[in-house]
Amino acid sequence: MIFREMPHTPGERSPIETPPAPPSEEPRGCLFALSQPPLMLFLAFVGTLLFVTALHDLHRW
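Residues 160 to 220 (this note's numbering) are what the sequence shown spells out, left to right.
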């Protein structure tokens, strides 16, 4: 393996070693996605349907 001359002097930080820029805002996780109103309405609707079908199955005619 042939080593070439280093593009920077020892002790100097290379461009690769620079720390990443801080994010402009906090990353949003799963709880943020679950708190969105359209998703909450959809989940409430599905839960209501499951509840109604369970009551229908348990009811004796």
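Just so you know, even glycine gets a beta-carbon here, dropped at the ideal spot from N, CA and C.
Given the structure is predicted, the values throughout are model-derived calculations rather than measurements.
Worksheet item: Starting from proline 179 and walking both ways along the alpha helix (DSSP H), at which residues does that stretch end?
Response: Annotation: proline 179 is outside any alpha helix (DSSP H) and is labelled neither H nor E by DSSP.
Fill in: For histidine 218, three-class secondary structure by DSSP
Reduced to three states, the DSSP call for histidine 218 is coil.
Worksheet item: On the three-state DSSP scale, how would you describe glycine 206?
Response: helix
Worksheet entry | Contact set for alanine 180: own chain, Cβ-Cβ below 8 Å, skip 5 residues either direction | none
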